[in-house]
Amino acid sequence: MADMKQYVQDTLDLIGKRDPEQKQFKTTVSKVLETVVPVLEKHPEYKEQKILERMVEPERVVSFRVPWQDDKGVTHINRGFRVQMNSAVGPYKGGLRFHPSVNLDILKFLAFEQVYKNALTGLPIGGAKGGSDFDPHGKSDNEVMHFCQSFMTELYRHIGPHVDVPAGDIGVGGREIGYLFGQYKRICNAYDAAVLTGKRVDYWGSLARPEATGYGLMYFVKNMLDDKNISLKDKTLVVSGAGNVATYAIEKAQEYGAKVVTCSDSDGYIYDPNGIDLDAVKEIKQVRRGRIKEYVAAHPQAEYHEGCTGVWTVKCDVALPCATQGEIDIESAKALVANGVIAVGEGANMPSSLEAIEYFQQNKVLFAPAKAANAGGVAVSALEMSQNSERLQWTFAEVDNKLKDIMANIYRCAKANAEKYADPDDLVAGANITAFVKVADIMLAHGLV
Ligand code: NDP
Numbered sequence: 004m005a006d007m008k009q010y011v012q013d014t015l016d017l018i019g020k021r022d023p024e025q026k027q028f029k030t031t032v033s034k035v036l037e038t039v040v041p042v043l044e045k046h047p048e049y050k051e052q053k054i055l056e057r058m059v060e061p062e063r064v065v066s067f068r069v070p071w072q073d074d075k076g077v078t079h080i081n082r083g084f085r086v087q088m089n090s091a092v093g094p095y096k097g098g099l100r101f102h103p104s105v106n107l108d109i110l111k112f113l114a115f116e117q118v119y120k121n122a123l124t125g126l127p128i129g130g131a132k133g134g135s136d137f138d139p140h141g142k143s144d145n146e147v148m149h150f151c152q153s154f155m156t157e158l159y160r161h162i163g164p165h166v167d168v169p170a171g172d173i174g175v176g177g178r179e180i181g182y183l184f185g186q187y188k189r190i191c192n193a194y195d196a197a198v199l200t201g202k203r204v205d206y207w208g209s210l211a212r213p214e215a216t217g218y219g220l221m222y223f224v225k226n227m228l229d230d231k232n233i234s235l236k237d238k239t240l241v242v243s244g245a246g247n248v249a250t251y252a253i254e255k256a257q258e259y260g261a262k263v264v265t266c267s268d269s270d271g272y273i274y275d276p277n278g279i280d281l282d283a284v285k286e287i288k289q290v291r292r293g294r295i296k297e298y299v300a301a302h303p304q305a306e307y308h309e310g311c312t313g314v315w316t317v318k319c320d321v322a323l324p325c326a327t328q329g330e331i332d333i334e335s336a337k338a339l340v341a342n343g344v345i346a347v348g349e350g351a352n353m354p355s356s357l358e359a360i361e362y363f364q365q366n367k368v369l370f371a372p373a374k375a376a377n378a379g380g381v382a383v384s385a386l387e388m389s390q391n392s393e394r395l396q397w398t399f400a401e402v403d404n405k406l407k408d409i410m411a412n413i414y415r416c417a418k419a420n421a422e423k424y425a426d427p428d429d430l431v432a433g434a435n436i437t438a439f440v441k442v443a444d445i446m447l448a449h450g451l452v
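Numbering-wise, the sequence shown is residues 4 to 452 according to our numbering.
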């Protein structure tokens with residue numbers, strides 16, 4: 004074991020030496036690689052073939068200038084990136100993020116995670132991430148369109164349905180995907196629908212994509228609980244967020260007969276002892292674009308609380324963080340455990356701190372890590388690519404049934420590898436190992452490329 008621990012440490016030292024400023028990337032890699040040590044022990048060929056050194060080095064990183072003019076005619080220069088991390092399993096795939104915080108460190112750690120998440124889906128997609136330090140907040144439609152067109156004017160030469168298939172992420176929604184696709188189509192003079200996913204349904208997007216991450220989360224959590232003979236029926240659930248992931252996780256949880264008593268936005272959370280009225284939440288968030296506190300006006304039994312962390316002090320059986328990264332710290336984890344939480348399912352990306360995850364595991368809380376539990380979104384994006392390739396659109400039920408199978412399979416594989424190599428309930432290790440072995444074995448099959 005010591006030998007392979009040293010191999011992991013040497014790989015981390017290499018990252019530190021080459022890119023000392025990329026601290027988030029190094030931390031992410033270290034947390035993943037420490038869980039795969041038992042596999043490295045059993046498979047010395049991975050070390051012989053320098054698989055770790057290869058996995059932490061992106062296959063390609065593109066950085067480019069994005070010039071654009073605002074409505075007043077003022078020129079702005081942003082930075083665009085695409086990190087093409089690993090294409091062993093299939094064409095690179097991963098979102099584009101437009102946010103002022105975007106830099107290479109963040110995109111590399113997201114791309115590294117994406118390789119693993121995509122491998123878990125069992126679908127033929129590699130991993131990438133990209134974006135720009137452009138801030139769409141407060142920009143006019145016209146400015147966003149001009150920015151997207153300039154961004155795509157460089158990006159188009161690095162992507163393609165068989166090369167790299169970007170999607171949305173923070174700051175890149177349906178509007179931006181539309182502008183990006185329009186510019187790609189114009190430059191390439193080809194209707195390559197499968198070059199981007201997250202498209203609107205009327206131009207070859209997939210049905211059930213909006214529901215996919217939230218539904219997928221609940222399919223995963225249900226598999227995890229079924230395995231312990233625990234039913235979701237009549238369980239009390241605490242959910243954070245009131246956006247895409249939270250809304251559809253609540254919808255599916257209610258279908259399963261669970262009682263969801265909270266949801267939140269970045270100002271605060273609502274607690275409804277009768278169970279959340281999801282139609283009212285959808286009306287506030289999707290139609291009126293309002294604040295979650297508006298809910299209590301028509302629901303006098305409900306309470307509104309300013310601030311977000313308080314949501315984790317509400318007594319529940321299952322907690323689903325579906326808002327944002329870093330929302331469950333160790334104090335929140337302690338509150339949940341003290342109140343008897345049975346399971347935590349991560350809908351958001353990295354919502355729980357490392358300390359919080361350790362605390363859940365030490366206290367035998369069933370823990371569904373984001374990489375596995377929220378992979379439903381990217382899985383349906385890959386199904387969107389399949390539909391585009393065959394120039395057909397599947398029904399909602401066809402996509403949803405495939406999603407259900409995919410999430411069940413992710414759970415089964417993660418659980419089997421947890422049992423084989425780690426603590427039988429450690430799905431963090433189980434998911435990492437499943438993805439690692441899949442990617443590493445294909446890399447070996449492809450030779451030294
Ligand atoms: P949305 O923007 O649709 O919704 C996010 C929700 O979280 C909003 O209600 C927002 O409130 C709320 N929120 C933001 N910050 C906080 C905070 N600090 N505390 C409490 N609530 C907060 O995003 P999504 O639902 O699409 O994504 C949520 C998370 O899931 C993100 O981490 C994302 O990366 C991840 N994810 C999403 C996927 C998808 O398919 N959509 C796929 C995989 C992961 P407000 O209205 O005030 O902004």
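We put the CB at the ideal spot given by N, CA and C, even for glycine. Quantities reported herein were computed from a predicted structural model and do not represent experimental measurements.
In this structure, the alpha-carbon of tryptophan 397 lies about 7 Å from that of glutamine 390. The continuous alpha helix (DSSP H) containing asparagine 247 extends over residues 247-258. Going by DSSP, tyrosine 159 is part of no beta strand (DSSP E) at all; its letter is neither H nor E. Around the beta carbon of glutamine 365, a 10 Å sphere encloses fewer than 16 other beta carbons of the protein chains shown; the residue is thus reported as exposed. By the CB criterion at 8 Å, arginine 178 and valine 147 fall inside the cutoff.
Per DSSP, the continuous alpha helix (DSSP H) segment holding asparagine 226 begins and ends at 212-229. According to the DSSP assignment, aspartate 167 belongs to the beta strand (DSSP E) that extends over 167-170.
Collapsing the DSSP output to three states places proline 47 in a helix. Within the region 240-322, the complete alpha helix (DSSP H) segments of 4 residues or longer fall at 247-258, 281-285, listed in chain order.
When DSSP reads this structure, valine 69 sits in a beta bridge with Asn81. Assignment of lysine 132 by DSSP, reduced to helix, strand and coil, places it in the strand class. Secondary structure note for lysine 423: its alpha helix (DSSP H) is the uninterrupted segment 399-424. Residue pairing by DSSP places valine 452 in no beta bridge whatsoever. Distance between phenylalanine 84 and serine 153, taken at the CA atoms: about 13 Å. Assignment of phenylalanine 101 by DSSP, reduced to helix, strand and coil, places it in the strand class.
Residue environment: serine 104 is assigned as exposed (fewer than 16 neighbouring CB atoms within 10 Å of its CB, all protein chains considered). Alanine 373 and phenylalanine 223 have their alpha carbons spaced roughly 10 Å apart. Glycine 176 is not bridged by DSSP to any residue. Restricting attention to Lys188, Asp229, Leu228, Val248, the CA atom closest to the CA of proline 213 is found in Val248.
Going by beta carbons, alanine 252 and valine 242 fall inside the 8 Å limit.
Secondary structure at isoleucine 345: coil, using DSSP grouped into helix, strand and coil. C-alpha of asparagine 81 to C-alpha of lysine 231: approximately 51 Å in a straight line. The C-alpha of leucine 107 is placed about 23 Å away from the C-alpha of asparagine 435. A direct Cα-to-Cα measurement between valine 32 and lysine 53 gives close to 15 Å. The continuous stretches of alpha helix (DSSP H) do not include alanine 91, and DSSP gives it neither H nor E. The three-state secondary structure of arginine 21, taken from DSSP, is helix. Rounded to the nearest angstrom, the gap between the Cα atoms of glycine 313 and arginine 294 is 17 Å. With a threshold of 7 Å, the Cβ atom of aspartate 270 counts as near the ligand NDP, since some heavy atom of the ligand is closer than that.
Asparagine 342 and phenylalanine 363 have their C-alpha atoms roughly 12 Å apart. The C-alpha of aspartate 403 lies about 9 Å from the C-alpha of valine 383. Rounded to the nearest angstrom, the gap between the Cα atoms of glycine 208 and alanine 385 is 11 Å.
Taking the Cβ atoms as the reference, glutamine 186 lies roughly 4 Å from methionine 155, within the contact range of under 8 Å. Per DSSP, the beta-bridge partners of isoleucine 331 are Ser355.
The secondary-structure analysis by DSSP pairs valine 64 across a beta bridge with Val86. The three-state reading of DSSP puts leucine 395 in coil, since its state is none of H, G, I, E or B.
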